[in-house]
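Colleague: I have a structure I would like to understand better, so I am pasting it below and will then ask my questions one at a time.
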Amino acid sequence: MAGQLSKHFRGSSRTSNVYGSRFASQHMPAQFFPEEEMPKEVAYRMIKDDLILDGHPMLKYSTLEEAEKLIAESSNKNVVDQEEYPKSVDTEHRCINILANLFHAPTGNNENMAIGTACIGSSEAIMLAVLAMKKRWQNARKAAEQDTSCPNLIMSSGVQVCWEKAARYFEIEEKLVPCTSTRYVIDPVQAVELVDENTIGICAILGTTYTGQYEDVKGINDLLVQRGLDTPIHVDAASGGFVAPFVNPSLEWDFTLSNVVSINVSGHKYGLVYPGIGWALWRSSSYLPDDLIFNIDYLGSDQLNFTLNFSKSASHIIAQYYQMIRLGKRGYTAIMTNLTDTADYLSSQLSALGFIIMSEGGGHGLPVVAFRLGPEQGILFDEFAVSAKLRERGWIVPAYKMAADAGMSMMRAVVREEFSRSRCESLVCDIRWALKALVEREVLNVQRYQA
Ligand SMILES: Cc1ncc(COP(=O)(O)O)c(C=O)c1O
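All the letters of the sequence shown, read from the start, carry residue numbers 10 to 460 under the numbering used here.
Structure below.
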């Protein structure tokens with residue numbers, strides 16, 4: 010009887026108990042489209058529980074309900090369709106204008122001359138900017154009947170992987186300015202010395218992925234101007250674009266500099282939006298060659314399109330606009346200043362624990378603390394061991410290798426909105442605990458070895 014009963018229940022797909030249903034005793038579909046339906050509450054619960062082992066994102070819109078309502082209400086709108094969703098498209102244009110003004114885009118007749126587009130993230134924005142620089146260079150060379158077969162792009166060896174992708178996908182030679190064991194950013198002099206007739210542009214990063222430091226965009230620009238070179242600069246402001254204007258407004262890095270032709274920024278980093286949004290901006294339409302812009306008319310009206318991706322939900326654009334008007338400059342300044350102060354505090358605490366700090370504080374870099382073990386600690390264990398130990402307490406502080414030519418391991422703590430001073434204190438406590446535990450383990454290992 011018991012056997013019959015359990016068979017009966019296990020065979021059942023309709024049950025109020027998800028884990029009593031037959032679906033719980035089967036693998037979740039991973040290869041083939043299932044033949045039959047699954048009850049909605051079972052599908053929901055199975056997927057939700059399967060995702061439990063993911064990390065837990067802490068970013069929540071501070072004014073949660075409103076932002077999330079707007080996202081939910083607009084996630085089914087495809088922003089590429091200007092005919093059907095003109096107001097969403099208008100919202101995208103408003104965001105672009107706001108960013109263009111924030112980044113001091115030149116104006117003509119009181120109007121921004123800058124143009125731009127929403128993207129899936131900074132990577133897509135960078136691909137577009139690289140294509141635009143390549144096309145402009147090609148067009149100029151073709152007009153002068155010169156060879157166009159060997160374009161190159163100058164960047165530091167510490168660029169994010171999307172730059173290497175762009176170079177490889179679009180067949181552009183990477184001219185790398187090496188990082189060293191004491192300099193983790195581009196050297197402006199070396200960068201400008203690499204410029205030749207085949208250079209399509211120079212990348213400068215406002216907040217490197219490794220250490221969060223700002224590269225010296227003005228230094229590069231000034232050298233180019235001094236030497237009478239009109240080489241374009243693209244600023245990769247993936248993170249810094251939403252930090253520097255608020256924390257360090259006098260820093261010169263954006264369209265105020267004459268050779269800066271394009272800028273990217275991610276909405277889903279310090280723009281305070283959930284993943285899936287980035288922005289590409291060009292100083293003016295003359296830096297985005299016409300042959301990259303497509304005019305599509307099959308959605309009911311003439312529309313200009315210059316993205317790699319076509320369809321995209323309007324929700325992240327709307328969330329970005331929401332954050333911009335909800336927080337305003339004052340809100341972003343308050344948040345970014347707090348994060349910068351917290352990062353500075355964390356740096357001072359880690360330095361006191363013997364770590365070498367590789368990032369720059371005081372608003373001269375992102376609210377990121379990059380650090381590595383001091384020489385004495387480094388004898389016993391490495392940064393990967395510290396990172397793994399911290400995982401036991403739930404912290405994800407990754408360890409990784411700095412750009413190859415700098416030849417060192419390091420760790421990085423990205424200070425985000427939800428990382429308050431008291432969470433910072435807990436992290437410092439847990440790092441102290443991790444170091445102590447690792448030292449004790451090593452001492453024990455040595456004793457065992459000697460015995
Ligand atoms: C400097 C820099 N550029 C570009 C990217 C790519 O950004 P996204 O993830 O928005 O594509 C990152 C991501 O970490 C980055 O740090």
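Just so it is clear, CB atoms sit at the ideal spot from N, CA and C, and this is done for glycine as well. Everything numeric in this text was worked out from a predicted model, so none of it was measured.
1) Using the Cα positions of T351 and I440, report the straight-line distance between them to the nearest angstrom.
2) Just to confirm my understanding: we take F18, look at its own chain, exclude 5 residues before and 5 after, and list those with CB closer than 6 Å. What are they?
3) Starting from H243, trace the beta strand (DSSP E) both ways and give me its first and last residue.
4) Tell me, please, which residues DSSP counts as bridged to F380.
5) From V423, V27, L444, pick the residue whose C-alpha is nearest to that of Y279; which is it?
6) Please say whether I107 and M345 have beta carbons closer to each other than 8 Å?
7) Name the residue from L79, S248, M419, T116 whose alpha carbon lies nearest to the alpha carbon of W291.
8) I think A408 touches F393, with their Cβ atoms under 8 Å apart; what is that distance to the nearest whole Å?
9) Taking M122 as part of the beta strand (DSSP E), name the residues at either end of that continuous run.
10) Take every Cβ of the region 446 to 460, pair it with every Cβ of the region 253 to 273, and state whether three or more of those distances are shorter than 8 Å.
11) Could you tell me if A11 is buried or exposed, where buried requires 16 or more neighbouring beta carbons within 10 angstroms of its beta carbon?
12) Is any heavy atom in ligand 1 found nearer than 7 Å to the beta carbon of S275?
13) Alpha carbon to alpha carbon, how far is V269 from L233?
14) Grab the span of the beta strand (DSSP E) containing W442 for me, first residue to last.
15) So for K321, helix, strand or coil by DSSP?
16) Smallest Cα separation from K143: which of C104, V452, I211, G337?
17) Is the beta carbon of G167 sitting closer than 8 Å to the one on V194?
18) Can you give the Cα-Cα distance for G182 and K410, rounded to whole angstroms?
19) Once you ignore the five residues that flank V406 on each side, which residues in its own chain have a CB closer than 6 Å to its CB?
20) Give me, in chain order, the residues of the same chain whose beta-carbon lies closer than 8 Å to that of V282; leave out the 5 immediate sequence neighbours on both sides.
21) Name the two residues that bound the continuous alpha helix (DSSP H) containing C104.
22) Taking I56 as part of the alpha helix (DSSP H), name the residues at either end of that continuous run.
23) Which value, in whole angstroms, describes the spacing of the CA atoms of S470 and D263?
24) Give the range of the beta strand (DSSP E) segment to which W172 is assigned.
25) Kindly indicate the opening and closing residues of the beta strand (DSSP E) around V186.
26) Rounded to a whole number of angstroms, what is the C-alpha to C-alpha distance between F203 and E154?
27) Counting pairs of Cβ atoms below 8 Å between the region 76 to 83 and the region 50 to 68, do you hit three or more?
28) Between R192, C104, T208, which lies nearest to S368 when the distance is taken from Cα to Cα?
29) Quick check: does the Cβ of L217 come within less than 7 Å of any heavy atom belonging to ligand 1?
30) Count the other CB atoms, across all protein chains shown, that sit within 10 Å of the CB of G237; report buried if there are 16 or more and exposed otherwise.
31) Quick one: residues in its chain with C-beta nearer than 8 Å to the C-beta of L389, no 5 flanking neighbours on either side, listed in chain order?
32) Would E154 pass as an interface residue toward chain D - the criterion being a Cβ-Cβ separation below 8 Å?
33) P298 to L137, Cα distance in whole Å?
34) Output yes or no for whether 8 Å exceeds the beta carbon distance between E426 and L348.
35) With a threshold of 7 Å, establish whether the CB of C463 neighbours any heavy atom of ligand 1.
36) Taking the DSSP output, what are the residues bridged to G210?
Modeller: With the structure as the only source:
1) Here residue 351 refers to the residue found at position 342 of the sequence shown. Here residue 440 refers to the residue found at position 431 of the sequence shown. As the crow flies, the alpha-carbon of T351 is around 16 Å from that of I440.
2) The sequence position of residue 18 within the sequence shown is 9, counting from 1. Confidence at F18 is low in this model, with a pLDDT of 47, below 50, so the placement of that residue should be treated as unreliable; the coordinate-derived value is given next. For F18, the CB contacts under 6 Å within the same chain, skipping 5 residues up- and downstream, are G29 in chain order.
3) In the sequence shown, counting from the first residue as 1, residue 243 sits at position 234. In the DSSP annotation of this structure, the continuous segment of the beta strand (DSSP E) that includes H243 starts and ends at 242 to 245.
4) Numbered from 1 along the sequence shown, position 371 holds the residue referred to as residue 380. For F380, the pairing in a beta bridge is given by DSSP as I366, M420.
5) For the purposes of this step, residue 279 is identified with residue 270 of the sequence shown, where counting begins at 1. For the options V423, V27, L444, the alpha carbon positioned closest to that of Y279 is the one of V423.
6) Here residue 345 refers to the residue found at position 336 of the sequence shown. Here residue 107 refers to the residue found at position 98 of the sequence shown. Judged by their CB atoms, M345 and I107 are not nearer to each other than the 8 Å cut-off.
7) Within the sequence shown, the letter at position 282 stands for residue 291. Taking W291 as reference, the option from L79, S248, M419, T116 with the minimal CA-CA separation is T116.
8) Residue 408 sits at position 399 when you count from the first residue of the sequence shown. Residue 393 sits at position 384 when you count from the first residue of the sequence shown. Indeed they touch by this definition, with Cβ atoms about 4 Å apart.
9) As a working mapping, residue 122 is identified with position 113 in the sequence shown. Premise fails: M122 is in no beta strand (DSSP E) and is neither H nor E.
10) Touching, no.
11) In the sequence shown, residue 11 corresponds to position 2, counting from 1. Residue confidence for A11 is low, a pLDDT of 46 falling below 50, so the modelled location carries little weight; the figure read from the coordinates is stated next. By the beta-carbon neighbour count (other beta carbons within 10 angstroms, threshold 16), A11 is exposed.
12) For this step, residue 275 is matched to residue 266 along the sequence shown. Under cutoff, so the answer is yes.
13) Residue 269 sits at position 260 when you count from the first residue of the sequence shown. Residue 233 sits at position 224 when you count from the first residue of the sequence shown. Cα-Cα distance, rounded: 11 Å.
14) The residue given as residue 442 occupies position 433 in the sequence shown. That residue, W442, is in no beta strand (DSSP E); its alpha helix (DSSP H) goes 430 to 459.
15) Working through the sequence shown from its first residue, we reach residue 321 at position 312. Shown here, K321 sits in coil according to DSSP, grouped into three states, outside any helix or strand.
16) The sequence position of residue 143 within the sequence shown is 134, counting from 1. For K143, the closest C-alpha among the options C104, V452, I211, G337 is that of I211.
17) Indexing the sequence shown from 1 puts residue 167 at position 158. Indexing the sequence shown from 1 puts residue 194 at position 185. Their beta carbons are under 8 Å apart, which means G167 touches V194 by this criterion.
18) By 1-based counting over the sequence shown, the position of residue 182 is 173. By 1-based counting over the sequence shown, the position of residue 410 is 401. The question names Gly, but residue 182 in the sequence shown is Glu. Roughly 24 Å between the two C-alpha positions.
19) Within the sequence shown, the letter at position 397 stands for residue 406. So the qualifying residues of the chain are S396, L399, M420, A422.
20) As a position in the sequence shown, residue 282 is number 273, starting the count at 1. A distance below 8 Å between beta-carbons, with the five flanking residues on each side excluded, links V282 to the following residues of its chain, in chain order: G276, H325, A328, Q329, Q332.
21) The residue you call residue 104 lines up with position 95 of the sequence shown. DSSP places C104 inside the alpha helix (DSSP H), whose first and last residues are 95 to 111.
22) For the purposes of this step, residue 56 is taken as the residue at position 47 of the sequence shown. I56 -> alpha helix (DSSP H) spans 49 to 59.
23) Since the first residue shown for the chain is 10 and the last is 460, residue 470 is missing from the structure and cannot be characterised.
24) Here residue 172 corresponds to residue number 163 of the sequence shown, with the count starting at 1. First-last for W172: 170 to 178, but that is the alpha helix (DSSP H), not the beta strand (DSSP E).
25) Translated into positions along the sequence shown, residue 186 becomes position 177. Segment 182 to 186, the beta strand (DSSP E) holding V186.
26) For this step, residue 203 is matched to residue 194 along the sequence shown. For this step, residue 154 is matched to residue 145 along the sequence shown. Note on residue identity: the sequence assigns Leu, not Phe, to residue 203. Spanning the two alpha carbons is a distance of roughly 23 Å.
27) Verdict: no, contact absent.
28) For the purposes of this step, residue 368 is taken as the residue at position 359 of the sequence shown. Of all alpha-carbon atoms in R192, C104, T208, the one lying nearest the alpha-carbon of S368 is that of R192.
29) One-based indexing of the sequence shown puts residue 217 at position 208. Looking at the sequence shown, residue 217 is not Leu but Thr. Checking every heavy atom of ligand 1 against the Cβ of T217, one is found closer than 7 Å.
30) Along the sequence shown, read from residue 1 onward, the residue named residue 237 stands at position 228. Exposed.
31) Numbered from 1 along the sequence shown, position 380 holds the residue referred to as residue 389. Excluding residues within five positions, the ones whose Cβ falls inside 8 Å are L447, V448, E451.
32) No chain D is present in this structure, which holds just one protein chain.
33) Taking the first residue of the sequence shown as position 1, residue 298 is located at position 289. Taking the first residue of the sequence shown as position 1, residue 137 is located at position 128. If I take the Cα positions, the gap works out to 11 Å.
34) Your numbering for residue 426 matches position 417 in the sequence shown. Your numbering for residue 348 matches position 339 in the sequence shown. A contact, by the Cβ cut-off of 8 Å.
35) The structure shown does not extend to residue 463, since the chain is modelled only from 10 through 460, so no value can be given for it.
36) The count along the sequence shown starts at 1 and reaches residue 210 at position 201. In the DSSP assignment, G210 is bridged to L162.
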